[in-house]
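Undergrad:
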Amino acid sequence: MTAWRLGLVLAGFFAVLIVAPGWVAQQSPFDLDPARALQPPSAAHWFGTDDVGRDVFARVIHGTRITLGLVTASLLIATVIGGGLGIVAGFAGRWFDLAAGRFADMVQTFPPIIAGVMITGVLGPGAANLVLALAVIYVPTFFRIGRSAALAEAQLTYVEASRAAGFAEASILLRQVLPNVLPVLVLQFVIMFPLALQIEAALGFLGLGVVPPAPDWGAILEQGKNFILVAWWMSLWPGLFVLLSAAAMTLLGQGLREKFGR
Amino acid sequence: MAGFLARRLGAAAVAALLSSLAVFLLMRAVPGDIVGQMLGQSGGDRAAEEALRSFFGLDRPLIAQFGDWVGATLQGDLGRSWYQGRPVSLMVWEAFLVTLELAVATLLLATLIGVPLGVVAGIAQGTRLDGAIQSFNLVGLSAPVFWLGLMLLVGTSAALDWSPPFAWSGPGEDLADNISILILPVLSLAVLQAAAYSQFVRGLMIEELGKDYIRAGRAKGLTPAELYFKHALSNVMIPLVTFMGLILVQILGGVVVIESLFSLPGLGRLILAGIQGRDYPVVQGALFFVVIIATTINLVVDLLYGLLDPRLKP
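Protein sequence lines, in the order shown, are assigned to chains A and B.
Here the first sequence is numbered in UniProt numbering, starting from 1 and rising by one per residue.
Here the second sequence is numbered in UniProt numbering, starting from 1 and rising by one per residue.
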């Protein structure tokens with residue numbers, strides 16, 4: 001249970017950074033000043049400065065909203081589309097189930113990061129393409145989860161009873177099956193979050209993420225790698241923030257799983 | 001068994017064909033191809049543009065282009081790189097050997113670290129030792145692989161005044177150089193996979209040790225060593241094999257970033273460079289190869305699963 005609490009504390013910390021980054025980091029993440037380039041951490045610049053003299057602390061703090069926001073958006077899309085299609089496939093079955101299943105197979109033949117590199121590499125950098133890539137990668141995961149949950153649900157007596165009572169299929173699906181499948185999808189969202197975050201950061205690191213000068217963590221790391229031996233602080237902090245937020249979601253996921261009792 | 005194999009092979013072939021089609025369409029769906037890159041900003045010479053497009057076969061209907069690729073691929077010909085003129089199959093093979101060395105070394109190291117950690121944590125469940133191992137797992141699973149690589153670069157340079165060489169040499173050329181190039185990439189990849197292993201094995205051990213036969217064995221007077229290593233561990237082996245396949249596929253993906261960071265001429269870099277240069281045959285061929293490898297690993301794992309556990313024989 002201490003793990004769950006640690007997860008909550010970390011998540012709370014990141015929630016503050018997302019809601020009020022300017023309150024935590026007073027300096028601008030964009031103001032450049034070549035006169036103070038590549039300075040090591042100091043009282044004035046806690047995380048040091050980057051190669052064009054921007055405050056790394058401000059960039060990392062303001063980057064929280066961008067990086068975690070992009071991952072959240074991607075996974076939300078994947079949950080709604082993948083989970084929705086999965087529920088329909090599991091509940092309605094037949095040709096739709098078969099076609100969607102083939103599509104999921106196809107996407108999952110690629111290791112996730114390779115699919116990400118392919119999509120963002122071809123479409124070009126940019127937040128929208130990044131979200132699209134991550135969503136495509138994770139749609140099959142949520143499809144399968146939603147499908148198997150709906151499949152299990154559809155066989156329960158209450159569905160049979162509702163059918164016998166004359167409820168329309170759509171109404172059974174929306175009013176009864178969906179609320180029962182939703183917690184499973186939410187849990188899956190939390191479990192997938194750290195994985196999607198790693199891919200988001202990796203794509204940013206490869207220069208396939210958001211367009212500069214947005215202070216996305218992966219993008220800061222990409223910029224820092226060229227100065228790694230002279231300015232380690234450009235890389236240490238954004239990576240540490242990826243680590244901490246991934247750990248927070250992992251801990252929350254473990255806690256939720258225990259609460260769900262599985 | 002034969003029926004099972006045939007069904008799995010059929011499904012894998014369909015998935016491979018569909019994914020190749022997806023790659024093919026994706027690359028052609030966006031503006032900017034190799035001709036655009038060759039002519040650059042100066043473009044405007046319509047005749048040259050058309051001549052080049054027809055040279056690369058880009059003026060033909062999509063279905064014909066894809067059909068040709070499938071036909072040639074089935075005969076083992078992946079075409080030639082549009083940039084280097086070398087056969088794609090050769091380029092993919094050379095890059096694969098680099099990636100394979102990286103992946104196998106990583107898998108070995110991760111298994112050697114992760115499995116014992118997981119076994120110990122499972123046996124010592126709830127103790128401080130278990131807590132320490134679980135903390136390692138959490139950090140290992142949460143830290144970006146390429147960031148670990150960066151930190152290792154900084155650490156070795158500061159502490160040992162040593163940095164890996166940047167020019168690649170294969171194990172056949174100069175083994176010492178080869179090892180010093182690979183050591184940091186392997187370490188950074190292995191931490192993540194060791195943590196994954198350790199986490200997984202810990203769960204398996206705890207589940208196994210809670211079973212009745214362990215209690216019976218204990219009552220019968222078996223020593224803990226016999227219980228843990230002879231009985232529990234041998235039952236844990238089966239899911240472990242499955243997991244190894246999963247890890248291998250993950251490593252195959254993870255190398256993309258690590259190869260780019262350490263400038264290793266592996267599959268990941270080949271794919272990345274191919275996409276950036278719009279070198280369609282290279283991208284198409286390399287991705288097809290990756291898909292085949294990943295699918296094969298999954299298939300082998302499924303088959304091994306059946307062999308190791310006779311109850312599952314279809």
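Glycine is no exception: its CB is placed at the ideal position from the N, C-alpha and C atoms.
All figures in this text were calculated on a predicted structure; none of them were measured in a lab.
1) In the DSSP assignment, find the unbroken alpha helix (DSSP H) run with Thr2/A in it and report its ends.
2) State the DSSP-derived secondary structure class of Gly3/B, mapped to helix, strand or coil.
3) Shorter than 9 Å from the beta carbon of Met192/A to some beta carbon of chain B?
4) Let me know the secondary structure DSSP gives Thr49/A once reduced to three states.
5) Could you tell me which residues DSSP puts in a beta bridge with Arg147/A?
6) Counting only C-beta atoms, is Ser148/A closer than 9 Å to chain C at any point?
7) Across which residues does DSSP place Arg80/B in a beta bridge pair?
8) Nearest CA to the CA of Val122/A: which residue from Thr296/B, Val300/B, Leu272/B and Val301/B?
9) In its own chain, which residues sit with a C-beta less than 6 Å from the C-beta of Ser180/B, not counting the 5 before and 5 after it?
10) So, are the CB atoms of residue 263/A and Ala100/A less than 9 Å apart?
11) Using CA coordinates, which residue listed in Arg36/A, Ala15/A and Ala219/A is at the minimum distance from Gly126/A?
12) Give the DSSP-derived three-state secondary structure of Asp212/B in the structure shown.
13) Step through the CB atoms of chain A and report whether any lies within less than 9 Å of the CB of Gln193/B.
14) Taking DSSP as the reference, what is the three-state secondary structure of Asp302/B?
15) So what does DSSP say about Asp97/A, is it helix, strand or coil?
16) Using C-beta distances below 7 Å, list every residue in its chain close to Met38/B, excluding the 5 sequence neighbours before and after it, in chain order.
17) What would DSSP say about Asp33/B, mapped onto helix, strand or coil?
18) I'd like to know if Pro281/B contacts chain A, where contact means its C-beta is closer than 9 Å to some C-beta of that chain.
19) Does Asp130/B come out as helix, strand or coil in the three-state DSSP assignment?
20) Grouping DSSP H, G and I as helix and E and B as strand, with all else coil, what is Ala248/A?
21) Decide yes or no for the touch test of the segment 230–247 of chain B against the segment 52–68 of chain B: beta carbon pairs closer than 8 Å, at least 3 of them.
22) If you count every other CB in all the chains shown that lies within 10 Å of the CB of Asp50/A, and 16 or more means buried, which is it?
23) Using only the alpha-carbon positions, how far apart do Ile247/B and Phe55/B sit?
24) Any idea if Trp217/A is buried or exposed, counting beta-carbon neighbours within 10 angstroms, 16 or more meaning buried?
25) Could you tell me which uninterrupted alpha helix (DSSP H) segments, each at least 4 residues in length, are contained entirely in the segment 137–183 of chain B, listed from first to last along the chain?
26) According to a CB-to-CB cut-off of less than 8 Å, which residues of the segment 180–209 of chain A neighbour chain B?
27) State the Cα-Cα distance for the pair Pro213/A and Gly140/B, rounded to the nearest angstrom.
28) Would a check of beta-carbon distances place Ile113/A closer than 9 Å to chain B?
29) Whose CA, out of Gly7/A, Arg5/A, Pro41/A and Ala58/A, lies closest to the CA of Trp23/A?
30) What residues in its chain sit with their C-beta under 8 Å from that of Pro265/B, if we drop five residues either side in the sequence?
31) For residue 264/A and Thr295/B, I'd like the C-alpha separation in whole angstroms.
32) Could you tell me the distance, in whole angstroms, from the CA atom of Leu25/B to the CA atom of Leu17/B?
TA: The structure says:
1) Thr2 to Val19
2) helix
3) no
4) strand
5) Its beta-bridge partners do not exist; DSSP assigns none.
6) In the structure shown, chain C does not exist; the protein chains are A and B.
7) Pro87/B
8) Leu272/B
9) Pro164
10) Summary: the structure shown does not reach residue 263/A, with chain A confined to residues 1 through 262, and so no result is reported for it.
11) The shortest C-alpha separation from Gly126/A is found at Ala219/A.
12) helix
13) no
14) helix
15) helix
16) Cβ contact annotation for Met38/B (same chain, cutoff 7 Å, sequence separation greater than five): Leu52, in chain order.
17) coil
18) By this cut-off, Pro281/B is not an interface position.
19) helix
20) helix
21) no
22) buried
23) 42 Å
24) buried
25) Fully enclosed alpha helix (DSSP H) runs of 4 or longer: 145–159.
26) Only Pro194, Gln198, Ala201, Ala202, Phe205 and Leu206 from the segment 180–209 of chain A bring a Cβ to less than 8 Å from some Cβ of chain B.
27) 29 Å
28) yes
29) Ala58/A
30) Cβ within range, chain order: Glu94, Ala95, Val98, Trp168 and Glu259.
31) Given that chain A is displayed from residue 1 to residue 262, the structure contains no residue 264/A and the question cannot be resolved.
32) 12 Å
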